[in-house]
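What follows is one structure encoded as structure tokens, with my remarks underneath.
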Amino acid sequence: MSDFYKILLEFIAILLIFSVFACSPKRVLVVGTSPDFMPYEFFDADGRLSGFDIELIEEIGKRIGRKIEFREMEFTDILPAVVAGNIDAGLSALTITTQRMQEVSFSTPYTTNAQVLVVKYDDDTWDDLEKDAIEERLGGTIRIGTCENYIGYFYAEKVLGETGTLSGYLNFTEAIEALYNDFNDVLIMDRIVALKAAEIEENNIKIIDVTLTTENYGIAMNLNNTKLKDQIDNAITTMIEDGTLERLTIFWKE
Ligand code: ARG
Numbered sequence: 001m002s003d004f005y006k007i008l009l010e011f012i013a014i015l016l017i018f019s020v021f022a023c024s025p026k027r028v029l030v031v032g033t034s035p036d037f038m039p040y041e042f043f044d045a046d047g048r049l050s051g052f053d054i055e056l057i058e059e060i061g062k063r064i065g066r067k068i069e070f071r072e073m074e075f076t077d078i079l080p081a082v083v084a085g086n087i088d089a090g091l092s093a094l095t096i097t098t099q100r101m102q103e104v105s106f107s108t109p110y111t112t113n114a115q116v117l118v119v120k121y122d123d124d125t126w127d128d129l130e131k132d133a134i135e136e137r138l139g140g141t142i143r144i145g146t147c148e149n150y151i152g153y154f155y156a157e158k159v160l161g162e163t164g165t166l167s168g169y170l171n172f173t174e175a176i177e178a179l180y181n182d183f184n185d186v187l188i189m190d191r192i193v194a195l196k197a198a199e200i201e202e203n204n205i206k207i208i209d210v211t212l213t214t215e216n217y218g219i220a221m222n223l224n225n226t227k228l229k230d231q232i233d234n235a236i237t238t239m240i241e242d243g244t245l246e247r248l249t250i251f252w253k254e
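Per my numbering, residue 1 is the first one in the sequence shown, and the count goes up by one each step.
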């Protein structure tokens with residue numbers, strides 16, 4: 001083969017290698033979410049996945065060089081999917097708890113929330129109560145509703161008394177329906193989500209804005225995936241430092 005052809009072949013080979021790298025898609029980060037929790041994850045009027053968590057992870061994806069692929073699932077299925085390694089991360093307004101930390105690792109907290117009471121709009125018997133008085137009533141004869149496996153459920157289990165009942169629903173919409181159809185007296189829910197729902201369901205429900213417990217939200221990952229945790233934590237830290245996280249928080253919480 002002449003030198004000319006050798007050089008030509010080498011040139012073509014180099015060109016091929018470069019084009020493969022240039023076109024190679026970013027590695028995908030599979031994220032499980034339960035889009036039934038406005039303003040964190042929900043479908044907007046155009047049917048697009050939207051919310052605080054969604055924008056947060058898209059931005060993290062940009063910063064760590066991964067393309068986000070969402071996997072929609074029921075809330076109860078998210079942590080088991082992280083543990084089984086079927087998804088890379090669980091992102092669903094997940095409250096960080098020591099109990100959950102036995103199963104998965106959590107990112108640095110990215111926002112805070114609280115549990116509050118939701119009652120029927122015309123129920124004014126809770127209006128002026130402080131936390132202690134509220135908890136005393138929750139420990140009496142009462143029907144409490146909340147969602148299965150939510151932090152509100154664990155809280156309700158603690159305060160529930162012998163004459164009270166506790167019902168867990170699959171999602172917030174079902175829990176609200178059970179409240180205004182009078183299957184329950186009260187509902188315990190994450191404050192920001194309850195506030196948004198009360199705006200929409202204006203004449204049906206209202207929130208009693210007394211903090212029952214406070215909490216941090218984090219992104220859940222497999223305990224073995226320490227590399228991903230480092231990357232996500234770094235991304236969140238830079239988002240705190242450059243003001244991106246604050247901007248997102250103000251936009252979605254108001
Ligand atoms: N913060 C609560 C918890 O972690 C509720 C989260 C529900 N999230 C959802 N996308 N439905 O238990």
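Ideal Cβ placement from N, Cα and C applies to all residues, glycine included.
Are the region 211–220 and the region 167–179 touching, with three or more C-beta to C-beta distances below 8 Å?
Contact between the region 211–220 and the region 167–179 is not established, with fewer than three Cβ pairs separated by less than 8 Å.
CA-to-CA distance, VAL186 to ASP123, given in whole angstroms
ASP123 and VAL186 have their C-alpha atoms spaced approximately 10 Å apart.
For the alpha helix (DSSP H) that contains TYR155, what are its first and last residues?
From DSSP, the alpha helix (DSSP H) with TYR155 extends over 151–159.
Could you please give the first and the last residue of the uninterrupted alpha helix (DSSP H) stretch that includes THR108?
Annotation: THR108 is outside any alpha helix (DSSP H) and is labelled neither H nor E by DSSP.
Mind checking which residues open and close the beta strand (DSSP E) that includes TYR121?
That residue, TYR121, is in no beta strand (DSSP E); it is neither H nor E in DSSP.
In chain order, what are the residue ranges of uninterrupted beta strand (DSSP E) at least 3 long that sit wholly in the region 170–238?
For the region 170–238, the continuous beta strand (DSSP E) assignments of 3+ residues that do not extend past its boundaries occur at 186–190, 205–217, 220–222, in sequence order.
Take ARG137 as the anchor and find which of ASP77, GLU162, TYR153 has the nearest alpha-carbon.
If we check each option's Cα against that of ARG137, GLU162 comes out closest.
Out of GLY90, ARG66, ILE57, which has the shortest C-alpha to C-alpha gap to MET73?
With distances taken between Cα atoms, MET73 lies closest to GLY90.
Outcome for ILE200 when other beta-carbon atoms lying within 10 angstroms are tallied against a minimum of 16:
Counting of Cβ neighbours within 10 angstroms places ILE200 among the exposed residues, the total staying below 16.
Just the C-alpha distance for ASN113 and PHE183, rounded to the nearest angstrom, thanks.
Rounded to whole angstroms, ASN113 to PHE183 spans 26 Å at the Cα level.
How far does the alpha helix (DSSP H) with THR76 in it reach, from first residue to last?
From DSSP, the alpha helix (DSSP H) with THR76 extends over 75–84.
Closest to ASP331 by C-alpha separation, out of GLU10, LEU117, ARG63, would be which residue?
An answer regarding residue 331 cannot be provided, because it is not within the stretch 1 to 254 covered by the chain.
Beta-carbon gap between ASP233 and THR111 smaller than 8 Å
No. Outside cutoff.
Buried or exposed, going by whether 16 or more other CB atoms sit within 10 Å of the CB of LYS227?
With fewer than 16 other Cβ atoms within 10 Å, it is exposed.
With respect to 7 Å, is the separation between the Cβ of PHE52 and the closest non-hydrogen atom of ligand 1 below this value?
Not one heavy atom of ligand 1 falls within 7 Å of the beta-carbon of PHE52.
Between PHE106, ALA81, ILE87, which lies nearest to ILE68 when the distance is taken from Cα to Cα?
It is ILE87.
Under the three-state reduction of DSSP, which class applies to ILE240: helix, strand or coil?
Judged by DSSP in its simplified three-state form, ILE240 adopts helix.
Below 8 Å between beta carbons: does that hold for GLN99 and ILE188?
The answer is no: Cβ separation not under 8 Å.
Three or more C-beta pairs under 8 Å: does that hold for the region 197–215 against the region 131–147?
Look at the beta carbons and you see the region 197–215 touching the region 131–147: at least three pairs across the two are nearer than 8 Å.
If you follow the beta strand (DSSP E) that ARG143 is part of, which residue opens it and which one closes it?
For ARG143, the enclosing beta strand (DSSP E) has its first and last residue at 143–147.
Using a Cβ-based criterion (distance less than 7 Å to any ligand heavy atom), does PHE70 qualify as near ligand 1?
Residue side-chain check: PHE70 keeps its Cβ at 7 Å or more from all non-hydrogen atoms of ligand 1.
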